[in-house]
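Taken in sequence, the protein lines are chains S and P. Residue 1 is where the first sequence starts when you use the numbering used here, and the numbers rise one by one after that. Residue 359 is where the second sequence starts when you use the numbering used here, and the numbers rise one by one after that. Glycine residues also receive a C-beta, built at the ideal position from the N, C-alpha and C atoms. Note that the structure is predicted; figures quoted are calculated from it, not measured. Take a look at the structure set out below.
There are 2 protein chains.
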Amino acid sequence: MTTHNFNAGPSVLPSEVLLRIQSELLNYHGTGISILESSHRSKEYELINQRVIERLKRVLSLPDTYKIGLLQGGASHQFAMLPLNTLTTSNCGAYVLTGVWAEKAYEEASRIGAAHVAASSKVHRYNQLPAISEWQIPANAAYVHITSNNTIYGTQWPELPRTEHALVVDMSSDIASRRISYANAKMIYAGAQKNLGPAGVTVVAIAEDFYQQMHDEAPQILRYSTHINNQSLFNTPPTFSVYVLDLVLEWIETQGIDTIAQNNLLKSSAIYSTIDASGGFYRGHSTHEARSHMNITFRIADESLEPLFLQEAQHHNMIGLAGHRSVGGLRASLYNALPYASAKALADLMREFQRKHG
Amino acid sequence: MTTHNFNAGPSVLPSEVLLRIQSELLNYHGTGISILESSHRSKEYELINQRVIERLKRVLSLPDTYKIGLLQGGASHQFAMLPLNTLTTSNCGAYVLTGVWAEKAYEEASRIGAAHVAASSKVHRYNQLPAISEWQIPANAAYVHITSNNTIYGTQWPELPRTEHALVVDMSSDIASRRISYANAKMIYAGAQKNLGPAGVTVVAIAEDFYQQMHDEAPQILRYSTHINNQSLFNTPPTFSVYVLDLVLEWIETQGIDTIAQNNLLKSSAIYSTIDASGGFYRGHSTHEARSHMNITFRIADESLEPLFLQEAQHHNMIGLAGHRSVGGLRASLYNALPYASAKALADLMREFQRKHG
Numbered sequence: 001m002t003t004h005n006f007n008a009g010p011s012v013l014p015s016e017v018l019l020r021i022q023s024e025l026l027n028y029h030g031t032g033i034s035i036l037e038s039s040h041r042s043k044e045y046e047l048i049n050q051r052v053i054e055r056l057k058r059v060l061s062l063p064d065t066y067k068i069g070l071l072q073g074g075a076s077h078q079f080a081m082l083p084l085n086t087l088t089t090s091n092c093g094a095y096v097l098t099g100v101w102a103e104k105a106y107e108e109a110s111r112i113g114a115a116h117v118a119a120s121s122k123v124h125r126y127n128q129l130p131a132i133s134e135w136q137i138p139a140n141a142a143y144v145h146i147t148s149n150n151t152i153y154g155t156q157w158p159e160l161p162r163t164e165h166a167l168v169v170d171m172s173s174d175i176a177s178r179r180i181s182y183a184n185a186k187m188i189y190a191g192a193q194k195n196l197g198p199a200g201v202t203v204v205a206i207a208e209d210f211y212q213q214m215h216d217e218a219p220q221i222l223r224y225s226t227h228i229n230n231q232s233l234f235n236t237p238p239t240f241s242v243y244v245l246d247l248v249l250e251w252i253e254t255q256g257i258d259t260i261a262q263n264n265l266l267k268s269s270a271i272y273s274t275i276d277a278s279g280g281f282y283r284g285h286s287t288h289e290a291r292s293h294m295n296i297t298f299r300i301a302d303e304s305l306e307p308l309f310l311q312e313a314q315h316h317n318m319i320g321l322a323g324h325r326s327v328g329g330l331r332a333s334l335y336n337a338l339p340y341a342s343a344k345a346l347a348d349l350m351r352e353f354q355r356k357h358g
Numbered sequence: 359m360t361t362h363n364f365n366a367g368p369s370v371l372p373s374e375v376l377l378r379i380q381s382e383l384l385n386y387h388g389t390g391i392s393i394l395e396s397s398h399r400s401k402e403y404e405l406i407n408q409r410v411i412e413r414l415k416r417v418l419s420l421p422d423t424y425k426i427g428l429l430q431g432g433a434s435h436q437f438a439m440l441p442l443n444t445l446t447t448s449n450c451g452a453y454v455l456t457g458v459w460a461e462k463a464y465e466e467a468s469r470i471g472a473a474h475v476a477a478s479s480k481v482h483r484y485n486q487l488p489a490i491s492e493w494q495i496p497a498n499a500a501y502v503h504i505t506s507n508n509t510i511y512g513t514q515w516p517e518l519p520r521t522e523h524a525l526v527v528d529m530s531s532d533i534a535s536r537r538i539s540y541a542n543a544k545m546i547y548a549g550a551q552k553n554l555g556p557a558g559v560t561v562v563a564i565a566e567d568f569y570q571q572m573h574d575e576a577p578q579i580l581r582y583s584t585h586i587n588n589q590s591l592f593n594t595p596p597t598f599s600v601y602v603l604d605l606v607l608e609w610i611e612t613q614g615i616d617t618i619a620q621n622n623l624l625k626s627s628a629i630y631s632t633i634d635a636s637g638g639f640y641r642g643h644s645t646h647e648a649r650s651h652m653n654i655t656f657r658i659a660d661e662s663l664e665p666l667f668l669q670e671a672q673h674h675n676m677i678g679l680a681g682h683r684s685v686g687g688l689r690a691s692l693y694n695a696l697p698y699a700s701a702k703a704l705a706d707l708m709r710e711f712q713r714k715h716g
């Protein structure tokens, strides 16, 4: 029986990718050794490394001038690296707060330099996104930081906001999930463990002009230039995670980003339409305008039914549906690799559950 | 035909571990999903995480009071984290230079605070270790840093030096390779990709009193306390690498550290005895006293024969025998998981090669 994996990350991977990993685990491409045992200086690994960099540019439709880094430490590490590479005594970082991760990015920057809250929807329990017209960005801001998709509150920017300042985007939870314009993004970063692969590798893409403005005050290992000047081979990279990232990117390219996006829309529609048709039995956290197609956070109006719902979901082999520890309730993460059938199965269960308990 | 994997890291893994990974890759312990898809908040992963922490204490014979961290970024990241967590305006870090990695650790510390060279064997092309009696450690040193095994120059401390100062040891390339006393080590760290598992996870162990002396001036993600106070689950860990680390530690425990150590000695003896019996045809880089049992770096007296040797080695399915880019020559890395048969095969080839070309 299929397991429906709604984990918020690390999360579901394409079954084709898992089968491929398994089939070549003991002998990678005739080398006689596992890719786990391969040197990062080997021809095989250097090919993977280079291919991932090229695939990322293609999948994200990034201009060739963008600098790509394959780093470690997750988005939380980027919360520190970004200000460490850009803030000085005379500028600041501006942050748009739309949830827990944006708050954490802001707080980390505050420990490193001057950080400024440009806007926040906290007063609305982060169920919406601050209108761009109301952002207040200091003239000396080196960048404006946003989180493109908010896993805990289930909101997502419909497109990347246009601003005169350099936009830096934490895309950990919706990278490569749709075709959007990066024209205004000077830097994006994402932990791979949601839409791109396994935990352990973080993707960074930096526009040439923004990269040139960075300074070299940080410790060597924390400078973007250290990694980018060495094609992300300055020190031993997380080779297996990068290998899986390559396979997932290949899977995305084979389908095409538009097919991926369409599927994601079908999946989220299956759940949202069930919520909307429930007459208040289910309540989505986000306003309609800000709804995320990656993470749907919702409650049952009678919250005391939620443990029972999770129990029934488990009986149907659905995992990962409990809301984040910090907010409770229910959450369905519908990342790229989640099949439509899983979203459909959840929508069916939701209707059946309402029929029995509504 | 067996491939003999002499890679310096990432490197050979136990075949039992690879088979186990392959067999449970699609369905981890009946969960219906791959461990690659498992949340780091799942029961399954939390068990792995906790087990690794306990296994590390047992395998390394560390007192239970040591704080264990499972981090990312490799040893190079520790080069920055150590001074970021310990240096102030009134102390310094003292470094014993025994090779490229020690130099890098020292240079990174210099960018962060005051760093002092306590001793160096650079003048001897790092073919030996500075006598402990000659170390010059400033009175205000917060620690003395050494590299226990030097992969590029093939030297290794026979045991951890005794000093009145807090000893911090980069054990990336010989951790868990033998039974040694950690009594004097206040902190050890190691990238896993040589003796402990795959790339992508870094092991840190800190004595309670040294840990208590650390400060909280660094960005949150770069503080040891952030990770240790959260059982290394502050942010998404490199879950698959930690999973493999668990399997390798289990493999070590099953054999016992003394069996591992004995095997390592047999392997290195097979090569060193061949070098010593070659009448100068092969020349080891290290002095006898400082010889590493993990990485044997050597040259053929007639260096022009080295490309031919590497070619013949390749015909015998031996990989990873070229010396580090920075020094050239030949290097055989004999980490825990390398079978004795591989070392024996190399020794045989060396004798055969000398017979033909000597």
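Any C-beta of chain S under 8 Å from that of residue i
i: residue 466 (chain P); result: yes
i: residue 395 (chain P); result: yes
i: residue 537 (chain P); result: no
i: residue 621 (chain P); result: no
i: residue 577 (chain P); result: yes
i: residue 435 (chain P); result: yes
i: residue 447 (chain P); result: no
Three-way DSSP call (helix, strand, coil) for residue i in this model
i: residue 333 (chain S); result: strand
i: residue 70 (chain S); result: strand
i: residue 274 (chain S); result: helix
i: residue 702 (chain P); result: helix
i: residue 81 (chain S); result: helix
i: residue 192 (chain S); result: coil
i: residue 568 (chain P); result: helix
i: residue 204 (chain S); result: strand
i: residue 433 (chain P); result: helix
i: residue 285 (chain S); result: coil
i: residue 717 (chain P); result: Outside the modelled stretch of chain P, which goes from 359 to 716, sits residue 717 (chain P), for which no answer is possible.
i: residue 657 (chain P); result: strand
i: residue 650 (chain P); result: coil
i: residue 484 (chain P); result: coil
i: residue 197 (chain S); result: coil
i: residue 28 (chain S); result: helix
i: residue 155 (chain S); result: strand
i: residue 106 (chain S); result: helix
8 Å contact criterion, which residue i and residue j should meet: CB distance rounded
i: residue 508 (chain P); j: residue 459 (chain P); result: 7 Å
i: residue 213 (chain S); j: residue 384 (chain P); result: The Cβ separation is near 46 Å, so there is no contact.
i: residue 136 (chain S); j: residue 118 (chain S); result: 6 Å
Chain P within 8 Å of residue i, Cβ atoms only
i: residue 236 (chain S); result: yes
i: residue 21 (chain S); result: yes
i: residue 231 (chain S); result: no
i: residue 10 (chain S); result: yes
i: residue 279 (chain S); result: no
i: residue 40 (chain S); result: yes
i: residue 25 (chain S); result: yes
i: residue 244 (chain S); result: yes
Residue range of the unbroken alpha helix (DSSP H) whose run includes residue i
i: residue 338 (chain S); result: Run containing residue 338 (chain S): none; DSSP gives neither H nor E here.
i: residue 601 (chain P); result: 597–613
i: residue 396 (chain S); result: With chain S running from 1 to 358 in the structure shown, residue 396 (chain S) is simply not present.
i: residue 495 (chain P); result: Careful: residue 495 (chain P) lies outside any alpha helix (DSSP H) and carries neither H nor E.
Where the beta strand (DSSP E) containing residue i begins and where it ends
i: residue 528 (chain P); result: 525–528
i: residue 49 (chain S); result: Careful: residue 49 (chain S) lies outside any beta strand (DSSP E), inside the alpha helix (DSSP H) at 43–59.
i: residue 674 (chain P); result: No beta strand (DSSP E) holds residue 674 (chain P); DSSP gives it neither H nor E.
Residue i Cβ short of 7 Å to the ligand COA heavy atom set
i: residue 593 (chain P); result: This structure lacks the ligand COA, and indeed carries no ligand of any kind.
Do the region 151–163 of chain S and the region 304–319 of chain S touch if we need at least three Cβ pairs shorter than 8 Å? no
At least three beta-carbon pairs within less than 8 Å, the region 316–326 of chain S to the region 334–353 of chain S: yes
Okay, do the region 427–447 of chain P and the region 633–647 of chain P touch, 3+ Cβ pairs below 8 Å being the bar? no
Using 8 Å as the Cβ pair cut-off and three pairs as the minimum, do the region 214–224 of chain S and the region 455–473 of chain P touch? yes
Please confirm if the region 325–336 of chain S is in contact with the region 404–418 of chain P, defined as three or more CB-CB distances below 8 Å between the two stretches. no
Under 8 Å: do the region 165–177 of chain S and the region 284–302 of chain S share three or more Cβ pairs, one atom per stretch? yes
Pairs of beta-carbons, one from the region 198–213 of chain S and one from the region 593–606 of chain P, closer than 8 Å: are there three or more? yes
Contact between the region 52–61 of chain S and the region 120–135 of chain S is defined here as three or more beta-carbon pairs at a separation below 8 Å; is this criterion met? no
Does the region 366–378 of chain P come into contact with the region 542–551 of chain P, if we say contact requires no fewer than three beta-carbon pairs (one atom in each stretch) closer than 8 Å? yes
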